[in-house]
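Have a look at the structure below before the remarks.
Numbering (our numbering), first residue to last: 256 to 608.
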């Protein structure tokens, strides 16, 4: 028989060994490991509740965080829970992906069902948000609900590094003629120089390179995460936390000795994942420094024997151009019955909004 408990978040010093011990027994994504979770909690000060699932012998087989907030809706604020998020938009800016409860290997279904039953017994929420879950996520269909609303779907484009090796390292041969042409023109703008990929080796380099990433990204996006001090703190925390273990790579990419830009990547199992990037100004009208940086990183991780270079969630055209395939991530809103939500639903139907 499984036991589920929910408690205020313990100290991070107390939580870390529990989380790491379970992660070692799980087939979970990078985003469910302590490098991500610990960095997020330290950097943001988020304090969601902790849910623990234990088996009949008292062994911990599941962990999850539940953030609570009264989130604004069309007809007023609604009590909302978020899986592995806080409910505060600034704190959740790091943007979790491949989200799920952390479950011991071969206990994923048991943990999901136990968590769903726990949520069903609680009466203090009307909406459960599941952000960045896989398209086969178990929890979506397990939590009892009035309705399940798919609010967003995003490809997570990636490059098969096995395919690159199969092409004898000729990554460009796997791409469309248009993308090949863009990259070759950009290479000519740089005199067909050689790529260099350097990993930040110490704290001083990490701090300096992240500062450069923030500078290079300034003014380039309408909604720029790097403008937020809390996000910059998170980027520093996770880069430092993952440096020694090799689970986070902060890379500086050069061509012919000139800096193209920087990549903040995660490494987990057989995949590398590009989380953030920053690139120098183009040297000419045909230059594509972002494409060249990713091309260099793909060669780097191919040489390390990994299987996938993921560009993570996002509908950007450049991701599609560079990719050889894609996975799918989804954002769900699980709603219970409430008069306000029911009225909102039918108003939307009537107004077709």
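Note that CB positions come from ideal geometry on N, CA and C, so glycine has one too.
Between the region 538 to 555 and the region 483 to 490, the count of C-beta pairs closer than 8 Å stays below three; the two stretches do not touch. Where residue 402 is concerned, there is no enclosing alpha helix (DSSP H), although the beta strand (DSSP E) around it starts and stops at 402 to 415. For the set 535, 600, 484, the Cα lying nearest the Cα of residue 472 is the one of 535. DSSP, read as helix, strand or coil, puts residue 521 in strand. Counting the other Cβ atoms within 10 Å of the Cβ of residue 396 gives fewer than 16, which makes it exposed. Under the 10 Å beta carbon count, residue 367 is surrounded by 16 or more other beta carbons and is classified as buried. Listed in chain order, the beta strand (DSSP E) runs fully inside the region 406 to 489 are 450 to 454, counting runs of at least 3 residues. In the three-state DSSP reduction, residue 266 falls in the coil class, being neither helix nor strand.
Per DSSP, residue 589 lies in no alpha helix (DSSP H); the unbroken beta strand (DSSP E) holding it starts and ends at 580 to 590.
Residue range 544 to 558 is occupied by the alpha helix (DSSP H) that includes residue 550. Assignment of beta-bridge partners to residue 315 by DSSP yields 309. Under the three-state reduction of DSSP output, residue 333 falls in the strand class. Taking 8 Å as the cut-off, the Cβ atoms of residue 461 and residue 505 count as close. Taken through DSSP and simplified to helix, strand or coil, residue 497 comes out as helix. Secondary-structure assignment with DSSP links residue 347 through no beta bridge to anything.
Distance between residue 384 and residue 538, taken at the CA atoms: about 44 Å.
Inclusion of residue 516 and residue 508 in the CB contact set at 8 Å is warranted, their separation being smaller than that value. As a beta-bridge residue in DSSP terms, residue 531 pairs with 519. Residue range 382 to 389 is occupied by the beta strand (DSSP E) that includes residue 387. Distance between residue 390 and residue 581, taken at the CA atoms: about 12 Å. Using a 10 angstroms sphere on the CB of residue 260, the tally of other CB atoms stays under 16, which defines it as exposed. For residue 573, the secondary structure class from DSSP, reduced to helix, strand or coil, is helix.
DSSP places residue 565 within a strand segment (E or B) once states are collapsed to three.
For residue 509, the enclosing beta strand (DSSP E) begins and ends at 503 to 510. With 16 or more other CB atoms across the displayed protein chains lying within 10 angstroms of its CB, residue 316 is buried.
Annotated three-state conformation of residue 296 is helix, per DSSP. Secondary-structure assignment with DSSP links residue 538 through no beta bridge to anything. Put simply, the region 520 to 533 does not touch the region 394 to 410. Fewer than three CB pairs are less than 8 Å apart.
Between the region 553 to 570 and the region 413 to 420, the count of Cβ pairs shorter than 8 Å is three or higher; the stretches touch.
In the DSSP assignment, residue 604 falls within the unbroken alpha helix (DSSP H) covering 594 to 606. When C-beta atoms of the region 572 to 592 are compared with those of the region 299 to 314, fewer than three pairs fall below 8 Å, so the two segments do not count as touching. For residue 365, the enclosing alpha helix (DSSP H) stretches over residues 363 to 376.
Annotation: the continuous alpha helix (DSSP H) that includes residue 396 extends over 394 to 397.
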